[in-house]
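Trainee: Before anything else, here's the structure in question.
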Amino acid sequence: MSKAGAAREPSSSRAVPLYIAATTLVAVAVVTVSWVLHIGPPVEWAAVVTMLILGLLSSVFRERDVGSNITFSFLSIIIISSAVLIGPVGSALVGALSMGLERGKRSAEARIFNASMVALQGAVGGLVYAALGADLDSVTGAGDLLLRVGLPLMVADVVQMLINALLLAGIVRLSSGTPPRRFLVQMITNSGVAYIGYGIIGFLFVILWGPADVGWFSAVLILAPLYVARWALVQYGEEQRAHERTLSALVTAVETKDPSAAGHSGRIAALAEWMAEPLSMGTQDVQALVYAAMLHDVGKVGVPTRLLRRPRTWTPADVEALTHHSALGVVLVREIEFLNGSLAGIRHHHERWDGLGYPDGLAGDEIPLISRVIAVADAFDALTTDRAERPAFAPQQALRQIEQRRGRQFDPHVVGALATVLERHDWPITSADEDELDRMRGYLDHDDPIAWEQVWATTPPLRPAVSGPGPTPHPVADEPSPPHPAAGNADDVPVAEQVRAP
Amino acid sequence: MRSALRDLPSRLRLHRLLPVLSIAVAAGAVAAAVASPQMPLQDWGILLVFAVVIAVGEVNRIVLPGGRETAPMSLAAGYALAMTWEVGETHRVEFTAGVVVAVTTVGMLAGAVPALLRRSPVRADDLAARFLSVAVAAILFRHVVVWDGQPLLTLQESWSSTRWVTAISMVLVSGIALFVQAFCVALATASRDHRPFWRSLVDEVRQGAGLGAALAASGTLIALAERPMGVVALPVFLIPLVLTQFAIRRYAGIRETYGQTIRALSRLTEIGGYTRRDHPARVAALSVAMGRDLGMSDRDTLDLEYAALLHDIGQVALREPIPGGATMMAAPADQDRIARDGAGIVRQTGVLDNVAVILESQSKPYRQVRELGEDLPLASRIIKVANAYDDLVGEARARRARKHASAIERIHLGLGYEYDPRVVEALIRVLDRRAAVVGAG
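If you want it as structure tokens, here you go:
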């Protein structure tokens, strides 16, 4: 039962074994009473054996993680169908044996508990159906099937879900002290819809087996589409993981080019995700934020390599070439559909609250929230990184630097979020050894507000050019194309004032 | 002789012929349906429900991973209709295969209307393949004599105590119909993409096997459940298939996204100013056409496409771009280093190892196969030729014909030494076809 069934290894306190023993006793008692009183249809051993084989097979399918928060429990379908087709005793037997003989390593305690729990689900489900539902041989027609078989079956299904949730909440309470109410709510919201699905599939199974007279072969027919669905979901999960890895290759490729920024994207993605919480951003926005943070500097690949590695001097043209990276990043990833929400975040991550940033000179609330968060995280990470010309700021000092620029460069609200996050999480500084520092000498970290302000202050002619409509690199035909950044050669540009890199 | 046979599907333009054949079958079926004896009112109701569900299924088409379109719900409903006999415990339908095919025609055409209104293209050959497949199922089940002078339809009566035999016979009928569909689609792709037919069929069967199993099971489920449940069984027993369809759609969606990300990666070099505009995309399109021509499987073609898109990514690590981005002109040692760096970047993903292997060998000359017995992947040899051609022709639109001729000439100079002759032949075939299309248009 995937998420639902498997109790983890319980702790060794005495309450847990007692709880397990009690569960087993109750299960045995319910089965015995049903057996003695002949409740439900007469037990057909051929059917019991078929169901048991299916139950054991289902444990084979359980092993691999389906991923993407979707879990399929073939055993739940078999237990609810058995409850109707072979009654409380039969389905308890199928459940207990399927769980008890399950492959794989599990402690005897967990095995016994799981077997008792599923047996109890089967037996009680069978009793509920016997009390409410109709004998399968007596029903004809769609209406009858839906009302006198389908409805009682769904009630039994819900009861089974509740038994599962309650028993698990109990054992989790005893072994790890999790409050049972919260656990219950979580279980029911997580697996409630899935259980409705199991009920519906179980209903189809029952009709085919009984009224349609197909018998054991109906298992093949019903489970084939589900197995294919599960297969596709496994493929989906694998492809999704592959995709995540490939996406990070985009970042890696840029870091190959700009080794001094290694790890920066990953760090600010984590920081930005933390900051989303005090800003109470929605799930979708957080997704877009994390991707935008990961990819905010991919446009650096369009910046000439010599600017990223130890330039001796900085000309206005060089600085301008560097500022193109935020717009270039958008050009690079805009055809990836699922990143649509992140594009604006990438484009505007160097805008300033006072409107003096680039590329579009947006101010205040005009700047997308995602960009404002990235701007703060970006600067904070740059400050807490060792550089050749200065050691890293400690987190609190770096925060003070950022707070000094609140309302000018940064959104005050977002700066507040950063302060909150730093109270909750530790932030290690990124240190570099001698060799690395030596290699970084002369490197301009464009995210470092202090270093950037120095460059910025000494290149006044640049501002109008940079704050105008953003640059577009040559691959885009439908927009006016300024000179390609890589083609901009600093040597031909009249140097107004050469700036030594800080 | 061999190549004449190979080109037969393309020469006959089978992908155009399939829809024509379907129209003929549909017309015949409608005529037969009109001529058939009066049906009771109840049968009209049943047929109406099926037509509606088939139409809804056609509207909810899905794109499979790999790009082919299909409509699982429509197909399953079509098979179920083909195999419908007892609806409710007491009623037996009396219509012929002609009626089944006529109803399928109506449903499928109605389902295509919304797409036509939106002016999004309906793939006529895929639709035709689905239609013919349902027609085959109907004729097989209702009219082909299999045992004791009876078709499967009436044999069901004698099997009423062993219904699982009926179920298996239904699964078999759906299986054959699905194979017919795969066969038609393979003919169409062989004809359209100039692929060897056998290769297309193997790919089609392999890719379609999973969904096919779900389809065959669903058609059978519905036909069997109609006895106790009546025609309500149709929507109710499509539920498992809807789940399957949902899962496959997600799978296809992530594959699409993955492709987009690879394309974005391929543009890194372009934006960095290392390669000419759209060079990776052009090399990829050319490589894929050559790979198809040489009979590569779909899976290998996908690796080839990704490798071709990423073949220049090693240049990102270069300090200064190569003039014009043309690796073909670079010194062999530099070419090797770019290839190795690219493979390194791709290998870091941990999931594109096949692509990395192709990239590593992309700069190696073909003579290493002959002289040293080294095993160069076919994909690497293809990319080497496609890249050389694109570098030589360049972007010049003017003088294109002359550039083309001199590029081919230069590649011919390296034949056998630098380039694999078989791959160069494929290049020439692909380019000839392109020229024919341009000339005709």
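Going line by line, the protein sequences match chains E and X. Here the first sequence is numbered in this note's numbering, starting from 1 and rising by one per residue. Here the second sequence is numbered in this note's numbering, starting from 503 and rising by one per residue. Where a beta carbon is used, it is the ideal one built from N, C-alpha and C, also for glycine. Quick caveat, the model's predicted, so the values are computed rather than measured.
Alpha carbon to alpha carbon, how far is V290/E from I268/E? Give it in angstroms, no decimals.
Mentor: Residue 268/E sits at position 268 when you count from the first residue of the first sequence. Residue 290/E sits at position 290 when you count from the first residue of the first sequence. Computed Cα separation, rounded: 9 Å.
Trainee: Going by C-alpha to C-alpha distance, which of S248/E, L57/E, W274/E, S265/E sits closest to A419/E?
Mentor: Taking the first sequence and counting its residues from 1, the one referred to as residue 419/E is at position 419. Of the candidates S248/E, L57/E, W274/E, S265/E, the one whose C-alpha sits nearest the C-alpha of A419/E is W274/E.
Trainee: Shorter than 8 Å from the beta carbon of A679/X to some beta carbon of chain E?
Mentor: Mapped onto the second sequence, residue 679/X falls at position 177. Not closer than 8 Å to any Cβ of chain E, the Cβ of A679/X fails to qualify, so no.
Trainee: Would you call the region 505-525 of chain X and the region 669-689 of chain X touching, i.e. three or more CB-CB distances under 8 Å?
Mentor: Touching, yes.
Trainee: At the 8 Å Cβ level, is G470/E part of the contact set with chain X, yes or no?
Mentor: By 1-based counting over the first sequence, the position of residue 470/E is 470. Confidence is the limiting factor: at G470/E the pLDDT is only 40, short of 50, which leaves the residue's position unreliable, though a coordinate-based value still follows. Taking Cβ atoms only, chain X never reaches closer than 8 Å to G470/E, which makes this a no.
Trainee: Pull the bridge partners of E571/X from the DSSP assignment, please.
Mentor: Stepping through the second sequence from its first residue, residue 571/X is reached at position 69. DSSP lists V565/X as partners of E571/X.
Trainee: I'd like to know whether the C-beta atoms of I20/E and F113/E end up nearer to each other than 8 Å.
Mentor: For this step, residue 20/E is matched to residue 20 along the first sequence. For this step, residue 113/E is matched to residue 113 along the first sequence. Their beta carbons are under 8 Å apart, which means I20/E touches F113/E by this criterion.
Trainee: I think L723/X touches F739/X, with their Cβ atoms under 8 Å apart; what is that distance to the nearest whole Å?
Mentor: Walking along the second sequence from the start, residue 723/X turns up at place 221. Walking along the second sequence from the start, residue 739/X turns up at place 237. Confirmed, about 5 Å.
Trainee: V946/X bridges to which residues according to DSSP?
Mentor: There is simply no residue 946/X to check, as chain X begins at 503 and stops at 943 in what is shown.
Trainee: Applying the criterion that 16 or more other CB atoms from any shown protein chain within 10 Å of the CB defines a buried residue, is Y919/X buried or exposed?
Mentor: Taking the second sequence and counting its residues from 1, the one referred to as residue 919/X is at position 417. The residue in question, Y919/X, is exposed, as its Cβ has fewer than 16 Cβ neighbours within 10 Å.
Trainee: Which residue comes first and which comes last in the beta strand (DSSP E) that contains W649/X?
Mentor: Here residue 649/X is taken as the residue at index 147 of the second sequence, counted from 1. W649/X -> beta strand (DSSP E) spans 647-649.
Trainee: In angstroms with no decimal places, state the Cα-to-Cα distance between V646/X and A725/X.
Mentor: Within the second sequence, the letter at position 144 stands for residue 646/X. Within the second sequence, the letter at position 223 stands for residue 725/X. Their backbone Cα atoms lie some 18 Å apart in a straight line.
Trainee: With a 10 Å radius around its C-beta and 16 neighbouring C-beta atoms as the bar for buried, classify E239/E as buried or exposed.
Mentor: In the first sequence, counting from the first residue as 1, residue 239/E sits at position 239. Burial call: buried.
Trainee: For F699/X, which residues does DSSP report across the bridge?
Mentor: In the second sequence, residue 699/X corresponds to position 197, counting from 1. In DSSP, F699/X forms no bridge with anything.
Trainee: What residues are listed by DSSP as bridge partners for P653/X?
Mentor: As a position in the second sequence, residue 653/X is number 151, starting the count at 1. Answer is V647/X, bridged to P653/X.
Trainee: Which of the three DSSP states, helix, strand or coil, is assigned to R708/X?
Mentor: The residue labelled residue 708/X in the question sits at position 206 within the second sequence. In this structure, R708/X counts as helix in the three-state DSSP scheme.
Trainee: Along the region 566-585 of chain X, what residues have a CB closer than 7 Å to any CB found in chain E?
Mentor: Under the 7 Å Cβ criterion, the region 566-585 of chain X contributes no residue.
Trainee: Return the residue from the list M731/X, L736/X, I764/X that minimises the CA-CA distance to A953/X.
Mentor: Here chain X has residues from 503 to 943 only, and residue 953/X is not among them.
Trainee: Find the residues of chain X that neighbour I86/E, judging by a C-beta separation of less than 9 Å, and give them in chain order.
Mentor: One-based indexing of the first sequence puts residue 86/E at position 86. Residues of chain X passing the Cβ test: none, with the nearest at roughly 18 Å.
Trainee: Throw me the rounded Cβ distance for the A640/X and V602/X pair, which I believe falls under 8 Å.
Mentor: Taking the first residue of the second sequence as position 1, residue 640/X is located at position 138. Taking the first residue of the second sequence as position 1, residue 602/X is located at position 100. Rounded, the Cβ-Cβ distance is 4 Å, consistent with contact.
Trainee: Would you mind giving the Cβ-Cβ distance between H264/E and D365/E, rounded to the nearest angstrom? I have them listed as a contact below 8 Å.
Mentor: For this step, residue 264/E is matched to residue 264 along the first sequence. For this step, residue 365/E is matched to residue 365 along the first sequence. H264/E to D365/E, Cβ: 27 Å. No contact.
Trainee: Let's test the definition: count the other Cβ atoms within 10 Å of the Cβ of A46/E and tell me whether it reaches 16, buried, or not, exposed.
Mentor: Counted from its first residue, the first sequence places residue 46/E at position 46. A46/E should be labelled exposed.
Trainee: Find the nearest neighbour of S882/X within the set A890/X, G875/X, S863/X, P542/X, judged by alpha-carbon distance.
Mentor: Here residue 882/X is taken as the residue at index 380 of the second sequence, counted from 1. The shortest C-alpha separation from S882/X is found at S863/X.
Trainee: Whole angstroms are fine: how far does the CA of Q454/E sit from the CA of E876/X?
Mentor: Here residue 876/X refers to the residue found at position 374 when the second sequence is read from its first residue. Here residue 454/E refers to the residue found at position 454 when the first sequence is read from its first residue. Approximately 57 Å, taken between the alpha carbons.
Trainee: For L205/E, which of helix, strand or coil comes out of DSSP?
Mentor: If you number the first sequence from 1, residue 205/E lands on position 205. Here residue 205/E is Phe; the residue named in the question, Leu, does not match the sequence. If DSSP states are grouped into helix, strand and coil, F205/E belongs with the helices.
Trainee: Below 8 Å on the Cβ atoms is my guess for A578/X versus L717/X; work out the distance and round it to an integer in Å.
Mentor: As a first step, residue 578/X is located in the second sequence; it is residue number 76 there, counting from the start. As a first step, residue 717/X is located in the second sequence; it is residue number 215 there, counting from the start. That belief holds up - the Cβ atoms of A578/X and L717/X are roughly 5 Å apart, short of 8 Å.
Trainee: Between the Cα of N562/X and the Cα atoms of R594/X, A612/X, T586/X, M585/X, which residue gives the shortest distance?
Mentor: Numbered from its first residue, the second sequence carries residue 562/X at position 60. Among R594/X, A612/X, T586/X, M585/X, the Cα nearest to that of N562/X belongs to A612/X.
Trainee: Using CA coordinates, which residue listed in S635/X, D705/X, S693/X is at the minimum distance from G677/X?
Mentor: Locating residue 677/X in the second sequence gives position 175, counting from the first residue. Per the Cα distances, S635/X.
Trainee: Using C-beta distances below 7 Å, list every residue in its chain close to A165/E, excluding the 5 sequence neighbours before and after it, in chain order.
Mentor: In the first sequence, the residue the question calls residue 165/E occupies position 165. Cβ within range, chain order: L184, M187, I188.
Trainee: Rounded to a whole number of angstroms, what is the C-alpha to C-alpha distance between V925/X and A432/E?
Mentor: Position 423 of the second sequence, counted from the first residue, corresponds to residue 925/X. Position 432 of the first sequence, counted from the first residue, corresponds to residue 432/E. Answer to the nearest angstrom: the Cα atoms are 50 Å apart.
Trainee: Answer yes if the region 770-782 of chain X comes into contact with the region 864-871 of chain X, meaning at least three C-beta pairs across the two stretches below 8 Å, and no otherwise.
Mentor: Short answer: they don't touch.
Trainee: Between F410/E and the rest of its own chain, which residues show a CB-CB distance below 7 Å, the 5 nearest in sequence each way excluded?
Mentor: Taking the first sequence and counting its residues from 1, the one referred to as residue 410/E is at position 410. Closer than 7 Å at the Cβ level, and outside the excluded window around F410/E, lie W353, A375, V376, I402.
Trainee: Can you tell me the Cβ-Cβ gap for F203/E and L147/E, rounded? I've got them flagged as a contact below 8 Å.
Mentor: Translated into positions along the first sequence, residue 203/E becomes position 203. Translated into positions along the first sequence, residue 147/E becomes position 147. About 12 Å separates the two Cβ atoms, so there is no contact after all.
Trainee: Run through DSSP, which three-state label would F410/E get?
Mentor: Taking the first sequence and counting its residues from 1, one reaches residue 410/E at position 410. It is a strand residue.
Trainee: How many angstroms separate the CA atom of G470/E from the CA atom of A528/X?
Mentor: Working through the first sequence from its first residue, we reach residue 470/E at position 470. Working through the second sequence from its first residue, we reach residue 528/X at position 26. At G470/E, the pLDDT of 40 sits below 50, so the modelled position is not reliable and the matter cannot be decided from this model.
Trainee: Please tell me whether E591/X has its Cβ less than 8 Å away from any Cβ of chain E.
Mentor: Within the second sequence, the letter at position 89 stands for residue 591/X. Yes, its Cβ sits closer than 8 Å to a Cβ of chain E.
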